[in-house]
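Right, one structure below, let's go through it.
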Amino acid sequence: ETGVTQTPRHLVMGMTNKKSLKCEQHLGHNAMYWYKQSAKKPLELMFVYSLEERVENNSVPSRFSPECPNSSHLFLHLHTLQPEDSALYLCASSQERMNTEAFFGQGTRLTVV
Amino acid sequence: GNSVTQMEGPVTLSEEAFLTINCTYTATGYPSLFWYVQYPGEGLQLLLKATKADDKGSNKGFEATYRKETTSFHLEKGSVQVSDSAVYFCALSDTGTASKLTFGTGTRLQVTL
Chain A
192 ETGVTQTPRH LVMGMTNKKS LKCEQHLGHN AMYWYKQSAK KPLELMFVYS LEERVENNSV
252 PSRFSPECPN SSHLFLHLHT LQPEDSALYL CASSQERMNT EAFFGQGTRL TVV
Chain B
14 GNSVTQMEGP VTLSEEAFLT INCTYTATGY PSLFWYVQYP GEGLQLLLKA TKADDKGSNK
74 GFEATYRKET TSFHLEKGSV QVSDSAVYFC ALSDTGTASK LTFGTGTRLQ VTL
């Protein structure tokens with residue numbers, strides 16, 4: 192496999208459930224990101240990991256918990272979510288140098304019921 | 014802070030029509046500018062980029078010129094095809110890397126026969 196792969200593609204969960212989103216990149220990149228895409232809103236950067244260390248957390252509620260065990264894998268652990276958390280969650284990776292581009296996965300469509 | 018403003022969609026065009034999607038930005042310093050495209054059910058793909066003033070990014074018949082004096086990066090294509098139907102996102106990065114992309118809300122393009 193090549194590129195950035197996200198699983199699952201679709202997830203429906205209740206507000207009391209605990210689930211995890213997985214992202215894997217096969218590009219040899221050293222930075223990974225979680226974005227949230229909601230209807231009619233700009234993509235929101237949630238978390239940034241560079242060299243497996245979290246370097247940015249944009250005021251994301253604690254019910255979202257990221258984990259980056261190595262440079263190829265990124266997880267987003269979810270617990271006690273709210274219906275307004277329903278969105279498309281996109282993972283991306285890049286190589287940290289000037290003028291490089293980010294490669295995105297296909298996203299996980301999350302519905303909280 | 015940084016921001017990107019795109020024209021609201023949807024934009025509906027007939028095949029072979031000329032396309033313009035407007036994008037303006039606010040940023041400190043000299044950001045890099047990007048256009049990403051999202052086809053139905055897919056993640057975001059980089060369409061083109063420009064890293065300094067007066068640069069022109071181009072790909073697949075699409076073009077955009079980095080205009081510092083008007084803080085704009087409008088996307089154009091001379092003759093659209095049905096396969097160009099997608100959502101187009103304008104974005105900037107003020108670090109010169111992809112690590113902190115600020116996105117616009119996206120513009121949906123629908124091309125009909």
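For the record, the sequence lines run as chains A and B. So for the first sequence, our numbering puts the first residue at 192; every next one is plus one. So for the second sequence, our numbering puts the first residue at 14; every next one is plus one. Every residue, glycine too, gets a C-beta built ideally from N, C-alpha and C.
Top-ranked residue by Cα proximity to A:TYR240, from A:LEU301, A:ARG300, A:ALA283 and A:VAL303
Counting from 1 along the first sequence, the entry for residue 240 of chain A is found at position 49. Comparing Cα positions, the closest option is A:ALA283.
The region 92-102 of chain B contacting the region 51-71 of chain B, beta-carbon criterion three pairs below 8 Å:
yes
Check the Cβ-Cβ distances between B:LEU57 and every residue of chain A, and say whether any is below 8 Å.
In the second sequence, the residue the question calls residue 57 of chain B occupies position 44. By this cut-off, B:LEU57 is an interface position.
Checking 8 Å against the spacing of the C-beta atoms, do B:THR118 and A:LYS231 come in under that value?
Here the question's residue 118 of chain B lines up with position 105 in the second sequence. Here the question's residue 231 of chain A lines up with position 40 in the first sequence. For B:THR118 and A:LYS231, yes; Cβs fall inside 8 Å.
Where A:SER277 sits in the DSSP three-state scheme
The residue given as residue 277 of chain A occupies position 86 in the first sequence. A:SER277: coil per DSSP, three-state reduction.
State yes or no: is the beta carbon of A:GLY296 nearer than 8 Å to at least one beta carbon in chain B?
One-based indexing of the first sequence puts residue 296 of chain A at position 105. Yes, because at least one Cβ of chain B sits closer than 8 Å to the Cβ of A:GLY296.
Hey, quick one: how far does the beta strand (DSSP E) through B:ALA66 stretch, first residue to last?
The count along the second sequence starts at 1 and reaches residue 66 of chain B at position 53. That residue, B:ALA66, is in no beta strand (DSSP E); it is neither H nor E in DSSP.
Closest by C-alpha distance to A:LEU301, when choosing among A:MET204, A:SER285 and A:TYR226:
The sequence position of residue 301 of chain A within the first sequence is 110, counting from 1. A:LEU301 has its Cα closest to that of A:MET204, out of A:MET204, A:SER285 and A:TYR226.
Chain-ordered neighbours of A:LYS213 on chain B, where CB pairs are closer than 9 Å:
Within the first sequence, the letter at position 22 stands for residue 213 of chain A. Chain B residues near A:LYS213: none, gap ~15 Å exceeds 9 Å.
Given this structure, state the Cα-to-Cα distance separating A:HIS220 from A:SER262, to the nearest angstrom.
Here residue 220 of chain A refers to the residue found at position 29 of the first sequence. Here residue 262 of chain A refers to the residue found at position 71 of the first sequence. Their backbone Cα atoms lie some 7 Å apart in a straight line.
B:ASN118 touches chain A at which residues, Cβ-Cβ below 8 Å?
Numbered from 1 along the second sequence, position 105 holds the residue referred to as residue 118 of chain B. The sequence given here has Thr at residue 118 of chain B, not Asn. Those within 8 Å of B:THR118 in chain A are LYS231, LYS232 and PRO233.
Beta-carbon proximity check, A:MET206 vs A:LEU272, cutoff 8 Å:
Translated into the one-based positions of the first sequence, residue 206 of chain A becomes position 15. Translated into the one-based positions of the first sequence, residue 272 of chain A becomes position 81. Cβ distance < 8 Å, so A:MET206 and A:LEU272 count as in contact.
What in chain B is Cβ-close to A:LEU281, meaning under 8 Å?
Along the first sequence, read from residue 1 onward, the residue named residue 281 of chain A stands at position 90. Within 8 Å Cβ-Cβ: GLY56 and LEU57.
Hey, could you find the ends of the beta strand (DSSP E) A:MET237 is sitting in?
One-based indexing of the first sequence puts residue 237 of chain A at position 46. Its beta strand (DSSP E) spans residues 235-241.
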